[in-house]
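In my numbering, the protein residues as written are 348 to 437.
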Amino acid sequence: MSSWLIVSLNVTLFRLIALLLGRLKLSVPEAMEAYRSLAKNVFGEKKRFSDGKFNEKALEQAIKDTVKTKLGDAEERMLDPESGAEVCKA
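Structural data, given as structure tokens:
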């Protein structure tokens, strides 16, 4: 795996963690469970000779499902209207 791909995947993972912990205000155990569920839905079961690809539509839908579960609307804006200047807007 090339180093640019590893960096790209890490940035994506950090953004997802920021969403789960920051905007959705999940606890760490809740965020871990949401991530496990999301990963299972997006990547499915491990296959021995997989090409490592995943379905980006499944990722989008999994994120929307998580947002809808927590906020009630899958299309909710990620900028929290109730946040003050002291809240991280990662």
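Glycine residues also receive a C-beta, built at the ideal position from the N, C-alpha and C atoms.
query: Ala-421, DSSP secondary structure in three states; result: coil
query: Element boundaries [alpha helix (DSSP H), containing Ser-384]; result: 375 to 390
query: Thr-413 beta carbon less than 8 Å from that of Ala-386; result: no
query: Buried/exposed call for Leu-371, threshold 16 Cβ in 10 Å; result: buried
query: Leu-426, buried or exposed, once every other Cβ within 10 Å from all chains shown has been counted against 16; result: exposed
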